[in-house]
Amino acid sequence: MSAETTPAATATGATDHVSLYDVDNPAPVIEAPRKRTAKSGRASRGNFEMQAWLFMRLSGIVLVVLVLGHLLIQLVLDGGVSKIGFAFVAGRWASPFWQVWDLAMLWLAMLHGANGLRTVINDYAQRDNTRFWLKMLLYTATVFTVLLGTLVIFTFDPNIS
Amino acid sequence: MPAGTLYRGREGMWSWVAHRVTGVLIFFFLFVHVLDTALVRVSPEAYDNVVATYKTPIVNVMEYGLVAAILFHALNGLRVVAVDFWAKGPKYQKQMLWTVVGVWVVLMAGAFYPVLQHTLRTLFGS
Numbered sequence: 005m006s007a008e009t010t011p012a013a014t015a016t017g018a019t020d021h022v023s024l025y026d027v028d029n030p031a032p033v034i035e036a037p038r039k040r041t042a043k044s045g046r047a048s049r050g051n052f053e054m055q056a057w058l059f060m061r062l063s064g065i066v067l068v069v070l071v072l073g074h075l076l077i078q079l080v081l082d083g084g085v086s087k088i089g090f091a092f093v094a095g096r097w098a099s100p101f102w103q104v105w106d107l108a109m110l111w112l113a114m115l116h117g118a119n120g121l122r123t124v125i126n127d128y129a130q131r132d133n134t135r136f137w138l139k140m141l142l143y144t145a146t147v148f149t150v151l152l153g154t155l156v157i158f159t160f161d162p163n164i165s
Numbered sequence: 596m597p598a599g600t601l602y603r604g605r606e607g608m609w610s611w612v613a614h615r616v617t618g619v620l621i622f623f624f625l626f627v628h629v630l631d632t633a634l635v636r637v638s639p640e641a642y643d644n645v646v647a648t649y650k651t652p653i654v655n656v657m658e659y660g661l662v663a664a665i666l667f668h669a670l671n672g673l674r675v676v677a678v679d680f681w682a683k684g685p686k687y688q689k690q691m692l693w694t695v696v697g698v699w700v701v702l703m704a705g706a707f708y709p710v711l712q713h714t715l716r717t718l719f720g721s
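Chains Z and L supply the protein sequences, listed in that same order. Here the working numbering is used: the first residue of the first sequence is 5, the next is one more, and so on. Here the working numbering is used: the first residue of the second sequence is 596, the next is one more, and so on.
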């Protein structure tokens, strides 16, 4: 300490009851630990992650019924894989019930799987660029597959060629 | 591997790993499966052609593997829902995992002949 020692600093040494700072000598402002600054990334996207978490559980429960029913019909009952062919598909899609079943299964399974892979990519791809492009690839493949599958169910023609 | 990062999670961790691995495998199959089914819009022959691949012994065995992956993912997924939403779920998570494994073994035993009958019939006669 030099001769420039402030009166406030001197006071601290004298007694604990006198504040180090006053109106003319205010304490430095300490930023809140998680205050957003110019350096922090973009704000969180509302409760998207919570909704995604809930979607995984709700769609999962529905998919247990849809997918296990699908496996039972396609791979277990009535000769297993032997009977599958164009005629078998045409027979099933003649009924709106199975069209809706397959459509719901397609959409729910693709979104459930895409969100699962999004989580896996976020967990293991460490470089920002890698993570970004892997997710772009995933979203492209997902949109393509869902649209293609939907188109096939709605435009199926049992009398083709 | 840096020291101290090995997570020794027992049932909880291994069921999480198995859920991930089966989930990724199922997603890749689903992608291929939508593409092969789309061939019904090309011609009956194109579709029956690709389905013939599904009837070969090797792919038929892979279908049994697919059933195994889906059954585990489905049963363990219900366990995850129970852990998250049932008040006593976390307390009984281990018991629920062994229940899942038990039910899985029974269902897989039951699915063995129905799923593989096509291959069993072609390889060993009727």
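By construction, the Cβ of each residue, glycine as well, lies at the ideal position given by its N, Cα and C atoms. The structure displayed is predicted, hence computed values, not measured ones.
Local conformation of residue i per DSSP, three classes
i: Asp28/Z; result: coil
i: Val637/L; result: coil
i: Leu81/Z; result: coil
i: Ala7/Z; result: Note on Ala7/Z: pLDDT 49, under 50, position unreliable in the model; no value is reported.
i: Ser44/Z; result: coil
i: Met689/L; result: Correcting the residue type first, residue 689/L is Lys in the shown sequence and not Met. Lys689/L falls in the helix class under three-state DSSP.
i: Phe52/Z; result: helix
i: Lys39/Z; result: coil
i: Asp161/Z; result: coil
i: Gly95/Z; result: helix
i: Gln712/L; result: helix
i: Ser23/Z; result: coil
i: Val33/Z; result: coil
i: Gly660/L; result: helix
i: Arg615/L; result: helix
Rounded straight-line distance, which links the Cα of residue j to that of residue i
i: Val22/Z; j: Pro37/Z; result: 28 angstroms
i: Gln103/Z; j: Trp97/Z; result: 6 angstroms
i: Gln712/L; j: Gly705/L; result: 12 angstroms
i: Phe707/L; j: Tyr659/L; result: 7 angstroms
i: Thr648/L; j: Ser86/Z; result: 11 angstroms
i: Ala633/L; j: Ile88/Z; result: 15 angstroms
i: Val701/L; j: Leu62/Z; result: 26 angstroms
i: Glu640/L; j: Phe90/Z; result: 8 angstroms
i: Leu670/L; j: Arg122/Z; result: 22 angstroms
i: Asp631/L; j: Phe667/L; result: 24 angstroms
i: Trp611/L; j: Leu715/L; result: 34 angstroms
Interface partners of residue i on chain L, CB under 8 angstroms
i: Gly153/Z; result: Val629, Thr632, Ala633
i: Gly117/Z; result: Gly618, Ile621, Phe622, Leu625
Own chain, CB closer than 7 angstroms to residue i, minus 5 neighbours either side, in chain order
i: Leu107/Z; result: Thr154, Ile157
i: Lys689/L; result: Glu606
i: Trp693/L; result: none
Per-residue contacts from residue i into chain L (C-beta, under 7 angstroms)
i: Thr159/Z; result: Arg636
i: Thr149/Z; result: Phe626, Val629
i: Val85/Z; result: Tyr649, Lys650, Asn655, Glu658, His713
Beta-carbon contacts of residue i that lie in its chain and below 6 angstroms, excluding the five residues immediately before and after
i: Ala664/L; result: Thr617, Leu620, Ile621
i: Leu152/Z; result: none
i: Phe160/Z; result: Trp97
Nonlocal neighbours in the same chain, by C-beta distance under 8 angstroms from residue i, ignoring five residues either side
i: Gly672/L; result: His614
Chain Z residues whose Cβ lies nearer than 7 angstroms to that of residue i
i: Val646/L; result: Ile88, Gly89
i: Val612/L; result: The premise fails here: Val612/L is roughly 12 angstroms from chain Z at the closest Cβ pair, so nothing lies under 7 angstroms.
Exercise. With 7 angstroms as the C-beta to C-beta threshold (strictly closer), list the residues of the region 705-716 of chain L near chain Z in chain order.
Key: For the region 705-716 of chain L, the residues whose beta carbon sits under 7 angstroms from a beta carbon of chain Z are, in order, Ala706, Pro709, Val710, Gln712, His713.
Quiz prompt | Residues of the region 668-694 of chain L whose Cβ lies closer than 8 angstroms to any Cβ of chain Z, in chain order | solution = Those residues of the region 668-694 of chain L that come within reach of chain Z (Cβ to Cβ, closer than 8 angstroms) are Ala669, Gly672, Leu673, Val675, Val676, Asp679, Phe680.
Exercise. Note down, in chain order, all residues in the region 124-139 of chain Z with a beta-carbon under 7 angstroms from any beta-carbon belonging to chain L.
Key: Result list: Val124.
Exercise. Could you list the residues in the region 96-117 of chain Z with a C-beta less than 8 angstroms from some C-beta on chain L, going in chain order?
Key: Here the close residues are Leu110, Ala113, Met114, Gly117.
Quiz item: Taking Cβ-Cβ distances below 9 angstroms as the criterion, which residues of the region 48-61 of chain Z are in contact with chain L?
Solution: Listed in sequence order: Trp57, Met60, Arg61.
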